[in-house]
Amino acid sequence: MTVEARTLKNEAIRNTLKATREKHSLMRPIVIELKLDLKCLNKEERHALEMYFVEGKWLKNYLLALPDEEFRSFDTRTRDIYSFDKDKNKVPRHLELPAKLIQSVYQRIKQDMKSLAAKRKKTGKKNGKLKFVSDYTTFDLNQYDNTHWICYGSDGDKNGRYKNTIHIAGIKRPIRTFGMEQIPAGSEPANAKLIRKPSGIYVHLTCYLPATSPVVSEDEKDDVDRLLEAIGTDLGIKTTITTSDGRKYDISIRETECLKGLQRKLARQIKGSKGWHATRELIRREYEKITNRRKDKANKVFHDIAEGQEVLVIQDDNIQGWQKGRFGKQVQNSCLGTLKSKFKADPRTVVISRWFPSTAVCPICGHKHEGMTLGVGEFVCPVCGYTEERDTKGAITTLLAGEIEYYSTHTGRMRTPVELTSDFQCFYEAWKQSALKPEAPSSSGIISQ
Ligand SMILES: [Zn+2]
1 MTVEARTLKN EAIRNTLKAT REKHSLMRPI VIELKLDLKC LNKEERHALE
51 MYFVEGKWLK NYLLALPDEE FRSFDTRTRD IYSFDKDKNK VPRHLELPAK
101 LIQSVYQRIK QDMKSLAAKR KKTGKKNGKL KFVSDYTTFD LNQYDNTHWI
151 CYGSDGDKNG RYKNTIHIAG IKRPIRTFGM EQIPAGSEPA NAKLIRKPSG
201 IYVHLTCYLP ATSPVVSEDE KDDVDRLLEA IGTDLGIKTT ITTSDGRKYD
251 ISIRETECLK GLQRKLARQI KGSKGWHATR ELIRREYEKI TNRRKDKANK
301 VFHDIAEGQE VLVIQDDNIQ GWQKGRFGKQ VQNSCLGTLK SKFKADPRTV
351 VISRWFPSTA VCPICGHKHE GMTLGVGEFV CPVCGYTEER DTKGAITTLL
401 AGEIEYYSTH TGRMRTPVEL TSDFQCFYEA WKQSALKPEA PSSSGIISQ
């Protein structure tokens, strides 16, 4: 290809990319997990796919070991590389990886280096460099129709074959997948990730949905008296969460007996032996199961709480702090973190500062009850006599604070509910003013919640 032709081609690629990006910016992306059914491949094809991840590891480690200059001028058409065995001897390796995947490994390392450098610049600290890996588990499939493409729905190809299959670059036959039914009709499949997990090989496919902007009718805008349907949640330190209407959800996911047994077994085995590796693989599988269970529970609880609500209020509790501190095990064995990120990703959510003493303040009179230490199970207001179970009250207080926040940003829908003109609002506004001063939030916030 002449220089001119190449310039033209690059220009064309850039333009298409730009057009796609613009189109996608107006759409809503979702990611769908598909599991590959490796049984439909023959032995060679299965081996080839497994080898992608081994070759990925070789390539990444090879690239990391290159001097800067050579790394920058690395030609992605290179097929012959070398790796080191455990005695530091060079072992020549030949790559069968498709060119696109080699590029993706290279690009990924470049990106990681860039973000490391950016972080270094921001924090001013030396934050190490990229490490050699013992596993390579994720490939970017970044060009739909080239690195991968799917046949979904009941159509298949023109002969009606290959229903619910995916093509992966370098593997001739389409691969049957599980989970295609999750792809919504009318969505546009785009880039993906090829991921190796202990339980098999997966594709995380990004699909773009046409963005449907919620249309607010004129009637609704005028309806200023409309009741706010909201729910506040108190993400407790225990393994339950409580909503303002008194519902409680157990969100604990315990380690299984099986996992404990495997860990004991691993401790007995000789490190690096065949049996040790086998047990470690089983432990990874078990962890994957637990993670899936955690995700599942978070989905169900979130759906149950959030469905039909107009506003969700949560308190931004310091989960990382807990993990380091005294509640470590309880937080680790629950889906609290997953659940919280689900709330935060929802546009309806109002987040209240973690320093707000939601446990201590009376939602009726705004009195701050200093006697609410961790052991106290019931809130009894010493001023107005309001009595409520501890966590439910925490959620109610959080909800009221959230409503104040909500109305302060949604002035178009202003309504002055009785409870918002109350002493509680006075307390909240005063607290917010004092919290803006730097000395106000103290580390005792964890206890007073
Ligand atoms: Zn009170």
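Here this note's numbering is used: the first residue of the sequence shown is 1, the next is one more, and so on. Backbone N, C-alpha and C fix where the C-beta goes; we use that ideal spot for every residue, glycine too.
So Tyr428 and Ile404 are supposed to be a Cβ contact under 8 Å. How far apart are they, rounded? Taking the first residue of the sequence shown as 1, we reach residue 428 at position 428. Taking the first residue of the sequence shown as 1, we reach residue 404 at position 404. So it is a contact: roughly 6 Å between Cβ atoms.
CB of His24 to nearest heavy atom of ligand 1: below 7 Å? Along the sequence shown, read from residue 1 onward, the residue named residue 24 stands at position 24. Checking every heavy atom of ligand 1 against the Cβ of His24, none is found closer than 7 Å.
Taking C-alpha atoms, which residue in Leu17, Glu4, Ala190, Ala99 lies nearest to Leu205? Numbered from its first residue, the sequence shown carries residue 205 at position 205. Closest option to Leu205, Cα to Cα, is Ala190.
Three-state class that DSSP yields for Gln263 in the structure shown: Taking the sequence shown and counting its residues from 1, one reaches residue 263 at position 263. DSSP places Gln263 in helix when its eight states are reduced to three.
Around ligand 1, which residues pass a check of Cβ closer than 6 Å to any of its heavy atoms? Cys362, Ile364, Cys365, His367, Cys381, Val383, Cys384, Tyr386
Taking C-alpha atoms, which residue in Leu64, Lys340, Arg280 lies nearest to Leu312? Taking the sequence shown and counting its residues from 1, the one referred to as residue 312 is at position 312. Checked all of Leu64, Lys340, Arg280; the closest Cα to Leu312 is Lys340.
Can you find the residues in the same chain that come closer than 7 Å, C-beta to C-beta, to Gln182, ignoring five residues on each side of it along the sequence? Position 182 of the sequence shown, counting from 1, holds the residue named residue 182. Cβ within range, chain order: Ile32.
Inspect the beta-carbon positions of Leu259 and Glu281 and report whether they are closer than 8 Å. Counting from one through the sequence shown, the residue named residue 259 turns up at place 259. Counting from one through the sequence shown, the residue named residue 281 turns up at place 281. Going by C-beta atoms, Leu259 is not nearer than 8 Å to Glu281.
Which residues in the same chain have their Cβ closer than 7 Å to the Cβ of Leu262, if we skip the five residues on either side of it in sequence? Against the sequence shown, residue 262 aligns to sequence position 262. Hits under 7 Å: Thr279, Leu282, Ile283, Glu286.
Taking buried to mean at least 16 other C-beta atoms within 10 Å of its own C-beta, is Phe132 buried or exposed? Walking along the sequence shown from the start, residue 132 turns up at place 132. The residue in question, Phe132, is exposed, as its Cβ has fewer than 16 Cβ neighbours within 10 Å.
So for Trp149, helix, strand or coil by DSSP? On the sequence shown, residue 149 is found 149 positions in, with the first residue counted as 1. In the structure shown, Trp149 sits in a strand (DSSP, three-state: E or B).
How should His148 be labelled, buried or exposed, when 16 other C-beta atoms within 10 angstroms of its C-beta is the threshold for buried? Taking the sequence shown and counting its residues from 1, the one referred to as residue 148 is at position 148. Within a 10 Å sphere around the beta-carbon of His148 sit 16 or more other beta-carbons, which makes this residue buried.
Express the C-alpha separation of Arg6 and Ile13 in angstroms, rounding to a whole number. Position 13 of the sequence shown, counting from 1, holds the residue named residue 13. Position 6 of the sequence shown, counting from 1, holds the residue named residue 6. One C-alpha to the other measures close to 10 Å.
Own chain, CB closer than 7 Å to Pro92, minus 5 neighbours either side, in chain order: Here residue 92 is taken as the residue at index 92 of the sequence shown, counted from 1. Once the five neighbours on either side are set aside, the close Cβ partners of Pro92 are Asp80, Tyr82.
Is the beta carbon of Glu310 less than 8 Å from the beta carbon of Arg348? By 1-based counting over the sequence shown, the position of residue 310 is 310. By 1-based counting over the sequence shown, the position of residue 348 is 348. Yes; because the gap between Cβ atoms is below 8 Å, this pair is in contact.
In chain order, each alpha helix (DSSP H) run of at least 4 residues that lies wholly inside the region 343 to 425: Here the runs fully enclosed are 390 to 409.
Would you mind stating whether Ile175 and Cys40 have Cβ atoms separated by less than 8 Å? As a working note, residue 175 is residue 175 in the sequence shown. As a working note, residue 40 is residue 40 in the sequence shown. Yes, the Cβ-Cβ distance between Ile175 and Cys40 is below 8 Å.
Between which two residues does the alpha helix (DSSP H) harbouring Glu45 extend? Reading the sequence shown from its first residue, position 45 is the one you call residue 45. Taken as a continuous stretch (DSSP letters only), the alpha helix (DSSP H) holding Glu45 covers 43 to 65.
With distance defined between alpha-carbon atoms, name the residue in Val361, Cys362, Arg108, Thr20 nearest to Lys193. Indexing the sequence shown from 1 puts residue 193 at position 193. Of the residues Val361, Cys362, Arg108, Thr20, the one whose Cα lies closest to the Cα of Lys193 is Arg108.
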